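Worksheet for the structure shown next.
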Amino acid sequence: MQVGVEIGGTFTDLVWVDEKGVVSVGKVPSTPSQVHKAVENAVDQAAVRLKEVTRFSHGSTIATNALITRRGARTGLLTTKGFRDITEIGLHDRVGNIYTAFYHKPRAPVERRFIREIPERIDGCGNVVEALDEEMAQQEIQFLLDSGVTSIAICLLHAYRNGVHEDRLRELILSMSPTTRVGCSSRVSPEFREYERTVTTVVNSFVSPVVVDYVDRLDRGLTDRGCSSGLQIMQSNGGIMPAEAAGDNAVRMLLSGPAAGVQAAAWFARRNGIKDIITIDMGGTSTDVAVAPMLEPRVVQELMVDDLPIRTTALDMVTVGAGGGSIAALDSGGFLNVGPASAGAEPGPACYGRGGKLPTVTDAQLIAGLLRSSHFFAGKMKLDVEAAKNAFASLKVPGDLRHKADAVLQMVNSNMAAAVRLVSTARGIDPRDFTLVAYGGGGPLHAATVADEVGMNRVLVPWSPGITSAFGLLIADLKVDFIKARLQPLTAESLAEIGVADLAATCDGYAASLGLAAGGYDVQMGLDLRYMGQGFELTVWTDVARASPSELRAIFESLHRERYGYTRSNLPVQIVNARARLTRKNKLNVVTPKGDPGRNGTRETCDIVLQGKSIAATFMDRSDLDFGETIMGPVILEEPTTTTLVPPGWTARCCESGDLLLEKK
383 MQVGVEIGGT FTDLVWVDEK GVVSVGKVPS TPSQVHKAVE NAVDQAAVRL KEVTRFSHGS
443 TIATNALITR RGARTGLLTT KGFRDITEIG LHDRVGNIYT AFYHKPRAPV ERRFIREIPE
503 RIDGCGNVVE ALDEEMAQQE IQFLLDSGVT SIAICLLHAY RNGVHEDRLR ELILSMSPTT
563 RVGCSSRVSP EFREYERTVT TVVNSFVSPV VVDYVDRLDR GLTDRGCSSG LQIMQSNGGI
623 MPAEAAGDNA VRMLLSGPAA GVQAAAWFAR RNGIKDIITI DMGGTSTDVA VAPMLEPRVV
683 QELMVDDLPI RTTALDMVTV GAGGGSIAAL DSGGFLNVGP ASAGAEPGPA CYGRGGKLPT
743 VTDAQLIAGL LRSSHFFAGK MKLDVEAAKN AFASLKVPGD LRHKADAVLQ MVNSNMAAAV
803 RLVSTARGID PRDFTLVAYG GGGPLHAATV ADEVGMNRVL VPWSPGITSA FGLLIADLKV
863 DFIKARLQPL TAESLAEIGV ADLAATCDGY AASLGLAAGG YDVQMGLDLR YMGQGFELTV
923 WTDVARASPS ELRAIFESLH RERYGYTRSN LPVQIVNARA RLTRKNKLNV VTPKGDPGRN
983 GTRETCDIVL QGKSIAATFM DRSDLDFGET IMGPVILEEP TTTTLVPPGW TARCCESGDL
1043 LLEKK
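Mapping of the sequence shown onto the working numbering: position 478 corresponds to residue 860, and the numbering continues sequentially without gaps.
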């Protein structure tokens, strides 16, 4: 038996598959005050036989939340003498509103008084120019320990080429305080670009103790319930890693949950014969959008989280503050805004009856008639219509309550459509050639309207879409990335020097530490390449050990033309980094249940407000659709984990897989 659990802003989803490949699901409210409790509650409610579990995979926003709310550890930074202000100076750019007269640069989560300089120097080729002053280092470390610092980041100049001084500082810290968390840039982010490397290492140290505490609590709770399989954690790159590696690699968890959803969306698209997809995952606090041409999600090597550049491999996603709990309010100019502030799980939307008083997207869906109070969450959670109306009564927007709610929903749709354009047209992709895969608790309710706005004609709604991200955890592969910085021209000589064999050996060593037999995993090699003088690079995955410089250049230029629309044959190509990716496929046999189609349940007609118009829509249970049956909108399909809107002019067909395919006619 294998289990996947994903904690969202409002609900925690659980999916498990037995030895026959049959999938079952569970869903419970999230518990923000004690995050790990939601996982335990989900396991207990579903009565999962933990003693029979062979893999327990988990995705969580714990690292992201710790950074955004600045509720991490008191962190110190040791850096090379003369570079104390690297995090203060930052980059010569502005993030967000570039025209504001009151701009404040984003700040790394470390106070300047806890940034201490150490005399030492390593040059850009990795040679020791000045030895590490260990006496001064011990004094500065003691200062940090006496100041209550519990996590220390080490980022020395050019440590990506030679980490000997960082390793020695780590030894000194642990000899003086064995319980202090220590993060070295040569391990966390061994890449050039001083500011980004420093920020990434500091953020890792800031959130690491929170992640370790959370993972330990969860692991103990599962062990106490009989689970001995060992916990696996989802990473931003779409693969899982062992829980014991999470502390040293906490920044790899920043897009943990959303990445799992994209992998699952590709799985559902593949079984329906769909090749090119854009995914839209609407949860309780936000909506995540990604693109996967040929079912291969695009990957980036840098994230922006809380306006800070984090150097880590991640799926290319755009996030907007448009979730079920996103709060609708007027700005200082009297204009309507939705999000990014969210009511979350506690207290949640007003209609949840948990004390929420502010108007949210879920309240708007209820007032507009898109949700029915007695049918929400399969009737297990009745929504309070009057509480939703009272919340919206305070929103000073023209029109009656239903049209106020519709105005909020139209703004949410516009925000989602803008995110779709960012991952498609802004990257040279025509969304009209793609299928929108909608999931999450709210995705299927907005997907067709969003597709209309961007010119897309097809929407795939997977089986049980409210738990798609948890399903992605269930099917995820083990995936670990390694990197080695090498700034050299692309020549036969440099290819022989970059140390591809060393990276491959690192992968083999890591696999051995996990008990993986030779041949039980794959190692993929790649190079980050750019034209000489460019500021950013593209990753070329190929057999680097056998490829010639001309072959590598041809692959790079093909990718460059696809991404940017041009090439520069007169410019030399430069190697920036060598990469290796270890992957172990999860050969899981999965048979998703198709439900009980064709039950001929009750169908009701109710008035709803959609795009400013009052129309009559048919409400029915999704399981009432027989395989191959097609219905015409306007229809609203209800099921335990979500609700799907089929607008006028659209059809919905129940595929043989049990998934829904919406098409514009």
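No residue lacks a Cβ here, since even glycine has one placed at the ideal position from N, Cα and C.
Here the structure is a predicted model, which means the values were calculated and not measured.
**Complete runs of the alpha helix (DSSP H) confined to the segment 413 to 487 [at least 4 residues]** = Runs found: 417 to 428, 444 to 450 and 468 to 471.
Practice task
Could you give the DSSP three-state label for Y821: helix, strand or coil?
Solution key: strand
* Whose CA, out of S876, L877, I865 and E875, lies closest to the CA of A887? -> I865
Beta carbon of D1041, beta carbon of P844: below 8 angstroms? yes
Note to self: On the DSSP letters alone, give me the boundaries of the alpha helix (DSSP H) that L527 sits inside.
What the structure shows: E516 to D528
**Cβ shell of S876 (< 8 angstroms), same chain only, five flanking positions each side left out** = R868, Q870 and I957
- Item | Length of the line joining the Cα atoms of L842 and L677 | One Cα belongs to L842, the other to L677, and the distance between them is close to 14 angstroms.
Between the Cα of V926 and the Cα atoms of E944, A960 and I450, which residue gives the shortest distance?
A960
Which partner residues of Y913 appear in the DSSP bridge assignment?
-> V955
**Study point:** Beta bridge counterpart(s) of P1030 as assigned by DSSP
**Key:** P1030 pairs with nothing; no bridge assigned.
**Prompt:** Looking at C-alpha atoms only, which residue of G655, V644 and C537 is the closest neighbour of P679?
**Reply:** Distance check between P679 and each of G655, V644 and C537 places V644 closest, using alpha-carbon atoms only.
Please state whether the Cβ-Cβ distance between G458 and V399 is less than 8 angstroms.
No; because the gap between Cβ atoms is not below 8 angstroms, this pair is not in contact.
Inter-residue Cα distance where the pair is A883 and R569: 18 angstroms
Query raised in the report: With which residues is A411 paired in a DSSP beta bridge?
Result: According to the sequence displayed, residue 411 carries Pro and not Ala. Partner(s): F393.
Beta-carbon gap between Q617 and K861 smaller than 8 angstroms:
Yes, the pair counts as a contact, with Cβ atoms nearer than the cut-off.
Item checked: Three-state secondary structure assigned by DSSP to I811 -> In this structure, I811 counts as coil in the three-state DSSP scheme.
**Request:** Give the DSSP-derived three-state secondary structure of K866 in the structure shown.
**Result:** strand
What span of residues does the beta strand (DSSP E) with P722 cover, start to end? L718 to S724
request  = Express the C-alpha separation of V700 and K419 in angstroms, rounding to a whole number.
outcome  = 29 angstroms
### Task
Please report the Cβ distance between A852 and V397, rounded to the nearest whole angstrom; I am assuming they are in contact, meaning their Cβ atoms lie under 8 angstroms.
4 angstroms
Taking the beta carbon of P560 as the centre, do at least 16 other beta carbons fall within 10 Å, making it buried, or is it exposed? exposed
Self-check item: Residue environment, V973, which counts as buried when at least 16 other CB atoms sit within 10 Å
Solution: With a threshold of 16 other beta carbon atoms within 10 Å, V973 falls short and is exposed.
If you draw a straight line from the C-alpha of E548 to the C-alpha of I500, how long is it?
11 angstroms
Among S439, T1023 and S932, which has the Cα closest to the Cα of G612? S439
#### Entry: Simplified DSSP state of T1000, which is helix, strand or coil
strand
- G666: buried (16+ other C-beta within 10 angstroms of its C-beta) or exposed? buried
Given a cut-off of 8 angstroms on the beta-carbon distance, is the pair V794 and A878 in contact? no
Between the Cα of M907 and the Cα atoms of L934, S846 and L896, which residue gives the shortest distance?
L934
**Asked** Counting pairs of Cβ atoms below 8 angstroms between the segment 451 to 466 and the segment 430 to 437, do you hit three or more?
**Response** Taking a cut-off of 8 angstroms for Cβ pairs, the segment 451 to 466 and the segment 430 to 437 do not touch, as fewer than three such pairs fall below it.
**Asked** Cβ atoms of S668 and V379: under 8 angstroms apart, would you say?
**Response** The displayed coordinates of the chain run from 383 to 1047. Any statement about residue 379 would go beyond what the structure contains.
Do three or more CB pairs link the segment 597 to 609 to the segment 572 to 584 at distances below 8 angstroms? no
> Under the criterion of a Cβ to heavy atom distance below 7 angstroms, does Q521 qualify as lining the ligand PLP?
Replying inline: With respect to the ligand PLP, the structure offers nothing, as it holds no ligand at all.
**Item:** C-alpha gap between P414 and E728, whole angstroms
**Value:** Answer to the nearest angstrom: the Cα atoms are 7 angstroms apart.
Check: If you draw a straight line from the C-alpha of G629 to the C-alpha of A448, how long is it?
Finding: 14 angstroms
Open item on the list: Taking its Cβ as the centre, do 16 or more other Cβ atoms sit within 10 Å of A769, making it buried, or is it exposed?
Closed with: buried
* Asked: Can the beta-carbon of G621 be found closer than 8 angstroms to that of T965?
  -> yes
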